[in-house]
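Novice: Residue numbers (this note's numbering): 20 to 149.
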Amino acid sequence: MKWLFEYLEGALVGVATLGEFLLEAIAVGCVLFGVVKTIQLAIKLNRHHYVDFPFIQLRTSFGTWLALALEFQLGADILATTIAPSENTLIQLGSIALIRTFLNYFLNKELEKQMELQERAQQKRMTDQP
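(1) Under 8 angstroms: do the region 86 to 101 and the region 25 to 43 share three or more Cβ pairs, one atom per stretch?
(2) Anyone know if the C-beta pair for Ile115 and Gln92 falls short of 8 angstroms?
(3) Inspect the beta-carbon positions of Lys132 and Ile45 and report whether they are closer than 8 angstroms.
(4) Should the region 123 to 130 be called in touch with the region 76 to 87, which here means at least 3 C-beta pairs below 8 angstroms?
(5) Is Ala103 helix, strand or coil when you go by DSSP?
(6) Would you mind giving the Cβ-Cβ distance between Leu85 and Leu122, rounded to the nearest angstrom? I have them listed as a contact below 8 angstroms.
(7) Given this structure, state the Cα-to-Cα distance separating Gly53 from Arg66, to the nearest angstrom.
(8) Do Thr83 and Leu126 have their C-beta atoms within less than 8 angstroms of each other?
Take a look at the structure:
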């Protein structure tokens, strides 16, 4: 019966390691895709000049991708912690969770600020028109 437990434990470690690798790869993909999408947005905003606060929109766009990448990275770290729960992996997991929480908090503040600025700019345009 001990051999069955060892076999299942080995299989679980293999699955968790594969899952950790896949989640980390997705996190890297999110960051790279976010860079590409943010550059595309910057080119579009520079070309059309119809946004009053382009820097905020660019930060919000890239920040959203970073937050998504951190979610996947957190999942990868959770899997790594279940395989070998060392003090180092627990500290790393806590750090990523803390960074993600702060990033999401400030990203939400930026979104609220951007919406408020856009509403004010739109109201100003409406009052300036005859």
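Using N, Cα and C, we set each Cβ at its ideal position, and we do this for glycine too.
Specialist: With the structure as the only source:
(1) Between the region 86 to 101 and the region 25 to 43 there are three or more C-beta pairs closer than 8 angstroms, enough to call the two in contact.
(2) Sequence index remark: in the sequence shown, residue 115 carries index 96 (1-based). Sequence index remark: in the sequence shown, residue 92 carries index 73 (1-based). Yes; because the gap between Cβ atoms is below 8 angstroms, this pair is in contact.
(3) Position 113 of the sequence shown, counted from the start, is the residue given in the question as residue 132. Position 26 of the sequence shown, counted from the start, is the residue given in the question as residue 45. Contact flag unset, no.
(4) With a cut-off of 8 angstroms on Cβ pairs, the region 123 to 130 is in contact with the region 76 to 87, counting three or more such pairs.
(5) The sequence position of residue 103 within the sequence shown is 84, counting from 1. Note: Ala103 maps to coil in three-state DSSP.
(6) The residue labelled residue 85 in the question sits at position 66 within the sequence shown. The residue labelled residue 122 in the question sits at position 103 within the sequence shown. Between Leu122 and Leu85 the Cβ distance is about 6 angstroms, and since that is below 8 angstroms, they are a contact.
(7) Start at 1 with the first residue of the sequence shown, and residue 53 comes out as number 34. Start at 1 with the first residue of the sequence shown, and residue 66 comes out as number 47. The alpha-carbon of Gly53 is positioned some 20 angstroms away from that of Arg66.
(8) Walking along the sequence shown from the start, residue 83 turns up at place 64. Walking along the sequence shown from the start, residue 126 turns up at place 107. Leu126 sits close to Thr83, with the two beta carbons spaced by under 8 angstroms.
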